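Here the structure comes first, spelled out in structure tokens, and everything after it is commentary.
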Amino acid sequence: MFHDKRSKKVVFIAHCLLNQNSISDGTAVYPAAFKEVIDFFLNSDVGIVQMPCPEFCCLGLDRGNIYGADSPVVVENTRIRSAMKNDSLNIKLAGLADLVVQQIVEYKKYGFEVIGMIGANRSPNCGVDTTSDYNAEINGMGLFVEKIVKRLSEENISVPMIGIKGTRL
110 MFHDKRSKKV VFIAHCLLNQ NSISDGTAVY PAAFKEVIDF FLNSDVGIVQ
160 MPCPEFCCLG LDRGNIYGAD SPVVVENTRI RSAMKNDSLN IKLAGLADLV
210 VQQIVEYKKY GFEVIGMIGA NRSPNCGVDT TSDYNAEING MGLFVEKIVK
260 RLSEENISVP MIGIKGTRL
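Here the sequence shown stands for residues 110 to 278, numbered as in our numbering.
What follows is the structure in structure tokens.
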């Protein structure tokens, strides 16, 4: 099956790395996307799977902060992290993580190489190496990535992960 020109290689990427328009006010680094990341994978013939944005899916585009861009990024991220721990949002977040894992399982089932997952460091949900909590950037994973890692472990699947961010702001 799948004996055509496809590379059978995919990478899973945090939603905001492909769509900066989805993130909270005051946190966009680029007008549209991290072009260098996208170009790298396209030039390497690797398909890009955009993971859902947990914050957009759970909180909407307006994350509920009337001060928006006036809040420091880590303060806003900490507020979002706290909001995402709400029981109903946590259940929705788990469902989004299940969706990502289901896609990974499906690709692997048909012999595709899932070369990795790229998260957005400092993010309260998609951070891989760092996240935001206590109004600071701290070591650790975001809530969404934690759930994905837990589900992958339950499926006995290992996927290399890295986190990137476009600025140190």
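C-beta: ideal position from N, C-alpha, C; glycine also. Computed from a predicted structure; not experimentally measured.
Any idea what DSSP makes of residue i, helix, strand or coil?
i           : result
residue 118 : strand
residue 248 : strand
residue 146 : helix
residue 183 : helix
residue 178 : helix
residue 163 : helix
residue 152 : helix
residue 130 : helix
Could you give the first and the last residue of the continuous alpha helix (DSSP H) run that contains residue i?
i           : result
residue 257 : 252-263
residue 170 : Neither: residue 170 is in no alpha helix (DSSP H) and is coded neither H nor E.
For residue i, which residues does DSSP report across the bridge?
i           : result
residue 158 : 121
residue 270 : 226
Assuming residue i and residue j are in contact, meaning their beta carbons sit under 8 Å apart, how far apart are those beta carbons, in whole angstroms?
i           : j           : result
residue 252 : residue 193 : 5 Å
residue 240 : residue 233 : 6 Å
residue 225 : residue 120 : 5 Å
residue 227 : residue 146 : 7 Å
residue 254 : residue 237 : 6 Å
* Any beta strand (DSSP E) of 3 or more consecutive residues that is wholly inside the stretch 192-246 -> 222-229, 239-242
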